[in-house]
Amino acid sequence: MSRSIATAAPVALGATALLLSAGAYAAQDSQAAEPADVCPALTHIVASTDFKQLHDEPEASLPGVDSTDACRANATAYDCHWRAHWPADGVVSDPLEELGADIAACFPNVVHDLNTPTRQHFIVTDGKRRVSVTASVQGTNELRLRVTR
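Just add 96 to wherever you are in the sequence shown, counting from 1, and you've got my numbering.
As structure tokens, this is what we get:
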């Protein structure tokens, strides 16, 4: 009898672990898709020496921006407008806050000097230059990103 208890305990423990891992997998599978990572595109845009060339560079494509027609560029400014297609991720409640949090997290040397419900402004420095990054709301879930130097 003690032998059957000794063999039953590891089997029960293994079955419990299997159920827990299956439950975790199901919960992970049912979660809403996370917003796309904007850091690679943002860092590429901010590091650009010529904003006019960004239209031809796929690395500068912001998630949710359907075409390069949504962005205008000149030598000193890059300006994009788009409708946010991602939902709130459970931490941040609206697309502007989400974009602002992403901008703040993407750069090691950033100062967040303006934070209102419709506009967020950042200054990114890399020792050689200073770049201004402004995220704002243009309408319901419509965002604008303006990068200037």
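C-beta atoms are modelled at their ideal positions from N, C-alpha and C, and glycine is treated no differently.
DSSP-derived helix/strand/coil call for residue i
i, result
"residue 238", "strand"
"residue 200", "helix"
"residue 78", "Within the shown structure, residues of the chain are numbered from 97 to 245, placing residue 78 beyond reach of any answer."
"residue 139", "helix"
"residue 133", "coil"
"residue 146", "coil"
"residue 195", "helix"
"residue 162", "coil"
"residue 156", "helix"
Option nearest residue i by Cα separation, candidates the options
i, options, result
"residue 171", "145, 134, 190, 204", "145"
"residue 211", "221, 244, 225, 229", "229"
"residue 220", "159, 154, 199", "199"
"residue 136", "158, 150, 227", "158"
"residue 153", "161, 238, 140, 162", "140"
"residue 148", "166, 138, 142, 174", "174"
"residue 79", "156, 155, 194", "Limits of the chain in this structure are 97 at one end and 245 at the other, which puts residue 79 out of reach."
"residue 151", "138, 233, 169", "169"
"residue 238", "205, 179, 204, 206", "179"
DSSP bridge partner residues for residue i (one or two, in chain order)
i, result
"residue 175", "168, 242"
"residue 226", "221"
"residue 231", "216, 241"
"residue 208", "218"
Exposure of residue i, with buried meaning 16 or more beta-carbon neighbours within 10 Å
i, result
"residue 191", "buried"
"residue 243", "buried"
"residue 216", "buried"
"residue 156", "buried"
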